[in-house]
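The opening position of the sequence shown corresponds to residue 1110 in the numbering used here, with each subsequent residue numbered one higher. Ideal Cβ placement from N, Cα and C applies to all residues, glycine included. Owing to the predicted nature of the structure, the values given are computational and were not obtained by experimental measurement.
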Amino acid sequence: MAGTAERMAKNQKQVAISEFFEKNKHFLGFDSLTRSLITAVKEAVDNSLDACEEARILPDIRVKITKLDDKKNIVELQTEDNGPGIPKRSIEKVFGQLLFGSRFHAIRQSRGQQGIGITGVVMYCQLTTGQKTHVRSKIATETSAAVVDIGLDTRKNKATKSNEGRELWELEDGTLKEHGLEVTCRMKAKYQRGRQSVYQYLRMTSIVNPHADITFVDPDGDVHHWPRVTERLPRKVESIKPHPHGIHLGTLQRMCTESTDSRMTSFLYKNFSGVSTRAAKQLLEAAEIEEKGKPKSMKPDQIRALIEAFQGERVLNGKPVKLLNPPTNCLSPIEELLIKKGLSKTIDSRFVTTMTRSPTVSQGNPYQVEVGLIFGDGMAADKPVEVLRFANRVPLMYQQGGCLLTKAIESVDWRQYGLDQAGGRGVPKGPAAILVHLASTNVQFTSEAKEALADNGEVMDEVRKAMLEMGRGLRKHL
């Protein structure tokens, strides 16, 4: 028996994270040929928008798709932006290492969170065509652009590079590009038109990013252009500290172990949002922990007691310790006027109403709900309304039925607001489009592919309230 156990133990190996995703590429949104193309465009465009906003540059984004082999479904995707570019030494990390990014540990609203995005695209291209991804990057302080072909060694989760060099990046008018990034990759994918298409993804992106100028050249050579309708960049978001209501036991344990603070009071005050010096003392009192104690020397049962005080399970004078809400400067809503402009530039309308709710907090995470309703000509009166779902300014294209945002729309009886709805259930019918946007520091998706929002009672109520208020506006108009 001992021999069998030894043999079984020898057969167990650790899997590299990139090797895991290579075998389970559907987790990242590469589960069908049409969806793989949308996922690739989404990752590239999200990165471009994030980079431009962080550098306070108004984004100009160009996406071009070319069919290379119709029978084998091979397409080339090229995306270009006017962002700050990526320094040459960082290119291989950004494009060739999974879980490399600046946003995973930061608590603020951002499009990407896991650091999987663009590396997943590099991996998918390599997997389906055997080709590397060509990157051209120009930063403002250098005269020439860095060029390199990037692949991925999935066993080591490291980039493989070839054809490195530098070149002058000339634009069509003969001038040199100041700064920006261009990514060219070949993959097995299918271009299609309709509701779930690259065209629709970019159209939706332009609605909630009214400060971006987006050009799309489709495989037939047709050029689609969504100009920017505002020169105002989204509000710059600040990172905030974690709030006690959103902390798990293991996280608190790690924070205590890594802490260099000499007293528990300063540890709580300095590392958490919503904790005043008074609240720090009260939390420790409720958890029966010495104020002078060192975070490093906390015992497991003390950490558990502190978590219970955080959650209000341990009380002081019969009441839970009162904590402040976390600051909301970590959120960047689109704002009502700009949602109106964004909707109106893509849909002809007779009536538009929009609404941005005040920020609120769920499990220690600040979030904000925005909704818009456009009622207009040229939309089918006998078909379900168009539902436009967004999380942190990113369109959600799939799994509409399983998404919290859709469920919130379906929970409203739209018949009293002038739209058709069989039995007062489901998505209403009528010549309208309903937009709903959730801005949050911690968007809870149903899967890694980030297609639909998971159920959360507090967020559901907030979206529903916004819908009811907007419905009243539509009823007045009609």
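Compare the Cα-Cα distances from P1435 to each of D1258, S1453 and G1383 and report the closest residue.
G1383
Mapping the DSSP letters down to three states, classify A1395 as helix, strand or coil.
DSSP places A1395 in the helix class (H, G or I) of the three-state scheme.
On a CA-only basis, which of A1268, T1252, K1299 and I1200 is nearest V1150? Give me that one, please.
K1299
Going by DSSP in three states, F1209 sits in which element: helix, strand or coil?
Low confidence applies to F1209: its pLDDT is 44, below 50, so where it sits in the model is not reliable enough to give any reading.
Grouping DSSP H, G and I as helix and E and B as strand, with all else coil, what is P1409?
helix
Can you give the Cα-Cα distance for A1160 and D1169, rounded to whole angstroms?
The C-alpha of D1169 is placed about 12 Å away from the C-alpha of A1160.
Backbone CA spacing between E1417 and D1140 [nearest angstrom]
42 Å
Neighbour-count burial assignment, L1446, 16 or more Cβ in a 10 Å radius:
exposed
On the three-pair Cβ rule with 8 Å, is the region 1347–1366 touching the region 1190–1200?
Because the criterion of three Cβ pairs below 8 Å is not met, the region 1347–1366 and the region 1190–1200 do not touch.
Going by other Cβ atoms of all chains shown within 10 Å of its Cβ, with 16 needed for buried, is L1497 buried or exposed?
Burial call: buried.
What's the C-alpha gap between E1279 and A1249?
Going by the C-alpha atoms only, they are around 14 Å apart.
Return yes when the Cβ of S1441 is within less than 8 Å of the Cβ of V1346, no when it is not.
yes
Go through its chain and collect everything with a Cβ distance to E1153's Cβ below 8 Å, but skip five positions before and after it.
Sequence check: residue 1153 is Ala here, not Glu. Closer than 8 Å at Cβ, skipping near neighbours: V1172, L1186, T1188, I1227, V1230 and V1292.
CA nearest to the CA of I1195, picked from T1263, E1287 and I1412:
Of the listed residues, the one whose Cα sits closest to I1195 is E1287.
Please state whether the Cβ-Cβ distance between C1365 and P1404 is less than 8 Å.
yes
Could you give the first and the last residue of the continuous alpha helix (DSSP H) run that contains M1506?
Where M1506 is concerned, there is no enclosing alpha helix (DSSP H), given that its DSSP letter is neither H nor E.
To test your reading of the DSSP string, which unbroken alpha helix (DSSP H) runs of 4 or more residues are found completely within the region 1418–1504?
1445–1455
For the structure I just gave you, are there three or more beta carbon pairs, one from the region 1294–1314 and one from the region 1322–1342, closer than 8 Å?
yes
Which of the three DSSP states, helix, strand or coil, is assigned to A1536?
Correcting the residue type first, residue 1536 is Val in the shown sequence and not Ala. In the structure shown, V1536 sits in coil (DSSP, three-state: anything other than H, G, I, E or B).
Short Cβ contact (8 Å threshold) for L1425 with M1579:
no
For S1145, which residues of its own chain have a beta-carbon under 7 Å away from its beta-carbon, when the five flanking residues on both sides are left out?
F1139, Y1233, M1296 and A1298
Own chain partners of A1268 with C-beta closer than 6 Å, once the 5 adjacent residues on each side are dropped:
E1201, G1205 and I1259, listed in sequence order.
Nearest-angstrom Cα distance between T1469 and A1563?
18 Å
At a cut of 8 Å, does the region 1566–1574 reach the region 1507–1517 through at least three beta carbon pairs?
yes
For R1344 and K1454, I'd like the C-alpha separation in whole angstroms.
22 Å
Return the Cβ separation of L1547 and V1503 in integer angstroms, given the expectation that the two are a contact with Cβ distance under 8 Å.
Approximately 10 Å separates the beta-carbon atoms of L1547 and V1503; this is outside 8 Å, ruling out the contact.
Go through its chain and collect everything with a Cβ distance to T1143's Cβ below 6 Å, but skip five positions before and after it.
K1299 and Q1301
Euclidean distance between Cα positions of K1538 and D1491:
6 Å
Just reading off the beta strand (DSSP E) that S1549 is part of, what are its end residues?
S1549 -> beta strand (DSSP E) spans A1541 to S1549.
For R1584, count the other beta carbons within 10 Å of its own beta carbon; 16 or more makes it buried, fewer makes it exposed. Which is it?
Around the beta-carbon of R1584, fewer than 16 other beta-carbon atoms lie within 10 Å, marking it exposed.
In angstroms with no decimal places, state the Cα-to-Cα distance between A1500 and L1432.
28 Å
What are the boundary residues of the beta strand (DSSP E) that includes R1171?
D1169 to D1178
Near D1370, which residues of its chain fall below 7 Å by C-beta distance, leaving aside the five closest residues on each side in sequence?
F1376, K1379 and P1404
Please state the DSSP three-state secondary structure of S1271.
strand
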